[in-house]
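Reading through the C-alpha cells given below for one structure.
Protein chains: 2
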Amino acid sequence: MTTALPPGSTIGILGGGQLGRMLSLAAAPLGLKCHIYSDVPGPAFDVAAASTVGAYEDTAKIRAFAESVDVVTYEFENVPLEAAAAAEAMTPVRPGPKALAVAQDRLEEKTFIRGIGIPVAPFAPVDSDASLEAAIHAIGETGILKTCRLGYDGKGQVRIKSASELKPAFESLKRAPCVLEGLVPFAYEVSVLVVRSISGEVRFYDLPLNTHKNGILDTSTVPSPISETHAARAKEMAAAIATALGYVGVLGVEMFYLGPDAAEPLVVNEIAPRVHNSGHWTMDACLVSQFENHIRAVAGWPLGPTGRHSDVTMTNLIGEDVDAWQALAAEPGAALHLYGKPEARPGRKMGHVNRVKPRS
Amino acid sequence: MTTALPPGSTIGILGGGQLGRMLSLAAAPLGLKCHIYSDVPGPAFDVAAASTVGAYEDTAKIRAFAESVDVVTYEFENVPLEAAAAAEAMTPVRPGPKALAVAQDRLEEKTFIRGIGIPVAPFAPVDSDASLEAAIHAIGETGILKTCRLGYDGKGQVRIKSASELKPAFESLKRAPCVLEGLVPFAYEVSVLVVRSISGEVRFYDLPLNTHKNGILDTSTVPSPISETHAARAKEMAAAIATALGYVGVLGVEMFYLGPDAAEPLVVNEIAPRVHNSGHWTMDACLVSQFENHIRAVAGWPLGPTGRHSDVTMTNLIGEDVDAWQALAAEPGAALHLYGKPEARPGRKMGHVNRVKPRS
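Chains as they are written, first to last, in the working numbering: chain L, 1 to 360; chain Z, 1001 to 1360.
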C-alpha cells in the first residue's frame, strides 16, 4: 500500500503549457500545490504555487527542482529521458520513464504495442535508402511516412500515394528515422482515456469520437456510436498497454475503429503518456476530470469516479478561433476554457469549448 | 454597452482566503489572471498569477495594486471602506462600495432591506443602556443580540431568553453597537445566489436548503423542498436587493422560510456581498459555478448559465473534519474541495465536499 501524498504536498510538473495549467487547476481542490518547470514561461505559471524556468538539459537544475517537490509528472511526451532520469534520482516520476521512452519513438511504440498482442496499423521502418523498398514491399504503395520522433498535430508526416513518392518524402523529412504506416480503412477515430493507480487499479472514461482538421484534433464527442462490446474491447486494449508499461496516471490511447463488421474492429493509432486533448470534455461532463484523476494517481490518492453526467462535444479553439470568445461565453450550454496564451498564432491551441447537454 | 475585459486581463481580488482561491481557479478558464491583495499570505496565493501582502489600511499600496489590475473585486465584506475607495480612485470596484457599506453593518443592512419593502426579522438597535428597554418593547423578551459589525459564523451573537438577559449580553459584547433581532419561527433556511451583470441582467441558481452546526454553515442541499412559487418570490426579493444596490457580481441572500402557510413566507436573514458558502455546490452541479459567474459579471462578460445538471449536498469540512480526506476522496459521487490551509484549527473552514447524484 503506497502512502498518498497528504494535502499540502507539492506536485512537480515538467512542462508549462495548457496541460500543465489544467493539471495545476485540478490539483488545487485536492489541497495540493504545483511547481512548474519549463524551458520558457508558459500558461501554467499563472496558476501554480511556484515556477522555475530552466533548460530540460540542465540536469542539475532538474535535480534541484525534483528535490523540492514530492512527486514529478510531465505534461508532454518529449521530456528528454535524461531530464526524467535526473528527476527520478531525487523523487518518484510518474508515469515512469518507460512510458516516456516508448512514447517518444513511433517505431519503439508500435513495436512495443504489437509485442504485447495489441493490433496496430501495419508499419515498417524507413531509415535509409535500403529500407525504402522493403517498406513498400511490407506496407504497399499507399501510406503515411512519419518521423519517429517529435511529430505531433500532423507535423512530421507525409502522405504517400505511390512507391515513387516515398524517397522524396523521406528527403523532405530530412532523412530522419521514420516509419511508413499502412492506411487503415477506419470508420472513425476513438480514444480511450484510462487512468491507472500505483496499485494497478484502472478506470476508464467513456470513449469520445474524435475528428481532425488540418491534422489537429478538432472535436471529441461523447457518447460515440461505438457498441458497448467494442468499447469494452478498446478499454481492455488500453488497460493492457498501461499495465505493460507499469503506468501511473492518465494515458491517452488513440484508436481507429474499423466498423462493427471488421474482423479486428480496433487498431491502436498512437498513445500519449499524459492527459490528452481528447479528454478535455471530462472537465464539464464528469464529476472528476482527467486532470484531477491524473493528479490523484500520481499522488497515490484513491482514483475518482470516471462516470459522465452529461453528453458533450469538445471543440478546440485553434489560432484565431479564439477571437469568438465573447460569443462563445454567451452561448447557453457552452463552457469555455481559454489557456491564457498571449498570441493567437495560426495552428496554436488557444482554448477549447465544451458544449454539454443532458445525457441522452 | 460595457466592454468586457478581454482574455489576458487581470482581476484584482481583495482577500486571500478560500473564496479568493476559488475565484482565481474560476477566472483561469476564462483566460483571466488574478492578483491577490491580502494582509497575510493565504490559500489564494498558491493559484494566482500575482500576490501582494499589505495592510488594508495602507491606501497607497492599495492604490498601486488597483492601478496594476483591470478591475477590483473582494472576497469578504469587511474590506475597509477606505480601502475600497482608494481602489476605486484607480479602477472599477465591483460589487460597488455601496454593497460593502450596507453589508458591513447589520443595522444599516436591515434598515436598507426593509426600506425597499423586503421583509426582514423584527429588529431594534441596542447601543446604549437607554436603548435596552426600547428594544425589549419592540422585539419582545426573546431574540438574538448581534453586534452590528464583524460578526460571522455565529461569532458576536448572544441568545436572549428573558428581558433580564439583555443587559449582560450587551456587556458581554463589550457594549459594541448591536441589533436585537426577534426570533422568526422558520421551517428552514434557504439562500438565493443571484448574479447581476453590469447591464442589470440577473440570473439565479436553484435555492439550497441550509443547515448549521455550532453557528457555522454545515450543509447546503439542492433541490430544497420549497415550492416553485415561493422560490420565485425569494428570487424576486434577492433581485430587488441586488438592483437597489446597483450590484455587480454574485450576491448571497440568506432567508428564513416560514412554511407554505405563512402570510409572509420568506424573511431575509442577511446578505453577503460576495460569493457565498451556500453556493459552493454549484462547482459540481452546474456548468458554470458561482465563482465563474462572479468573475464574468465583474469582468463585464456575458453571464453564464445557472442551470443545475445534478442534485447535490454540500457539506463543510470544519477543523479536523478534513482529516477524513482520504475516505472522502474514495467516496463515489463525492467531489472534494480542500482549501490548502496548513492548520486544521477548530471551527476553521478547511474545505467542503459535494455529494452529487443524477437529478431527481
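We treat Cβ as the ideally placed atom computed from N, Cα and C, and that holds for glycine.
| Asked | Found |
| --- | --- |
| Considering only C-alpha positions, which residue in the set Asp284/L, Arg345/L, Gly143/L, Met237/L is nearest to Pro265/L? | Met237/L |
| Give me, in chain order, the residues of the same chain whose beta-carbon lies closer than 7 Å to that of Val7/L; leave out the 5 immediate sequence neighbours on both sides. | Val is not the amino acid found at residue 7/L; the sequence shown has Pro there. Leu30, Gly31, Leu32. |
| Give me the subset of the stretch 1306-1339 of chain Z whose CB atoms are less than 9 Å from a CB atom of chain L, sorted by chain position. | Gly1307, His1309, Ser1310, Val1322, Trp1325, Gln1326, Ala1327, Ala1329, Ala1330, Glu1331, Pro1332, Gly1333, Ala1334, Ala1335, Leu1336, His1337, Leu1338, Tyr1339 |
| Could you list the residues in the stretch 1030-1044 of chain Z with a C-beta less than 7 Å from some C-beta on chain L, going in chain order? | Leu1030, Gly1031, Lys1033 |
| Counting only beta-carbon atoms, is Leu1025/Z nearer than 8 Å to chain L? | yes |
| Indicate whether Ser227/L and Asn210/L have their beta-carbon atoms separated by less than 8 Å. | no |
| Just the chain L side, please: which residues come within less than 9 Å of Gly1017/Z by C-beta, in chain order? | Within 9 Å Cβ-Cβ: nothing; Gly1017/Z doesn't reach chain L, min ~14 Å. |
| Look at Val298/L and Thr3/L and say whether their C-beta atoms are less than 8 Å apart. | no |
| Let me know if Thr1229/Z comes out buried or exposed under the rule of 16 or more other beta-carbons within 10 Å of its beta-carbon. | exposed |
| Is the Cβ-Cβ distance between Val71/L and Thr52/L less than 8 Å? | no |
| Under 9 Å Cβ-Cβ, which residues of chain L neighbour Asp1284/Z? | Leu287 |
| List, in order along the chain, the chain Z residues whose C-beta lies closer than 9 Å to that of Ala297/L? | Correct list: empty, because the minimum Cβ distance to chain Z is about 12 Å. |
| With burial defined as no fewer than 16 other Cβ atoms inside 10 Å of the residue's Cβ, what is the status of Asn1214/Z: buried or exposed? | exposed |
| Taking just the CA atoms, how far does Ala1163/Z sit from Leu1173/Z? | 16 Å |
| Taking the alpha carbon of Ala187/L as the point to measure from, which residue in Asp39/L, Lys110/L, Thr59/L, Tyr257/L has its own alpha carbon closest? | Tyr257/L |
| What residues in the stretch 1040-1071 of chain Z have a beta carbon less than 8 Å from any beta carbon of chain L? | Phe1045, Asp1046, Val1047, Ala1048, Ala1049 |
| Comparing C-alpha positions only, which one of Gly1020/Z, Glu1109/Z, Leu1287/Z sits nearest to Pro1122/Z? | Glu1109/Z |
| So Leu317/L and Gly340/L are in contact, right, with Cβ under 8 Å, and what is the actual spacing, rounded? | No, Leu317/L and Gly340/L are not in contact; Cβ-Cβ is about 12 Å, not under 8 Å. |
| Return the Cβ separation of Ser197/L and Leu132/L in integer angstroms, given the expectation that the two are a contact with Cβ distance under 8 Å. | Not really, about 44 Å apart at Cβ, beyond 8 Å. |
| So who's on the other strand from His35/L, going by DSSP bridges? | Gly12/L, Ala50/L |
| Counting beta carbon pairs with one atom in the stretch 1326-1345 of chain Z and one in the stretch 16-27 of chain L, are three or more of them shorter than 8 Å? | no |
| Measuring alpha carbon to alpha carbon, tell me which of Ala1085/Z, Ala1089/Z, Arg1114/Z ends up nearest Leu1100/Z. | Ala1085/Z |
| Would you mind reading off the limits of the beta strand (DSSP E) that contains Leu1180/Z? | 1178-1182 |
| State yes or no: is the beta carbon of Trp301/L nearer than 8 Å to at least one beta carbon in chain Z? | yes |
| How many Å lie between Glu1364/Z and Asp1321/Z at the Cα? | Lying outside 1001 to 1360, the shown extent of chain Z, residue 1364/Z is not represented and no answer is given. |
| If you measure between the beta carbons of Glu181/L and Gly143/L, is that distance less than 8 Å? | yes |
| Is it the case that the Cβ atoms of Val1268/Z and Val1250/Z are separated by a distance below 8 Å? | no |
| Against chain Z, does Pro346/L count as a neighbour if the rule is that its beta carbon must be under 8 Å from one of theirs? | no |
| Report buried or exposed for Met1/L, applying the criterion of at least 16 other Cβ atoms within 10 angstroms of its Cβ. | Note that Met1/L scores a pLDDT of 47, beneath 50, so its modelled location is shaky; the value from the coordinates is reported in the next line. With fewer than 16 Cβ atoms within 10 Å of its Cβ, Met1/L is classed as exposed. |
| Please list, in chain order, the chain L residues whose beta carbon lies closer than 9 Å to that of Val1356/Z. | Leu287, His309 |
| Using a Cβ cut-off of 9 Å, pull out every chain L residue sitting near Gly1351/Z, in sequence order please. | Pro7, Pro29, Gly31 |
| Can you give me the Cβ contacts of Ala50/L inside the same chain, cut-off strictly under 6 Å, excluding the 5 residues immediately before and after it? | His35 |
| List, in order along the chain, the chain Z residues whose C-beta lies closer than 9 Å to that of Pro342/L? | Gly1008 |
| Applying the 10 Å Cβ sphere with the 16-neighbour rule, what's the burial state of Arg106/L? | buried |
| Distance cutoff 8 Å, beta carbons only. Does Ala87/L sit that close to anything in chain Z? | no |
| DSSP on Lys61/L, reduced to helix/strand/coil? | helix |
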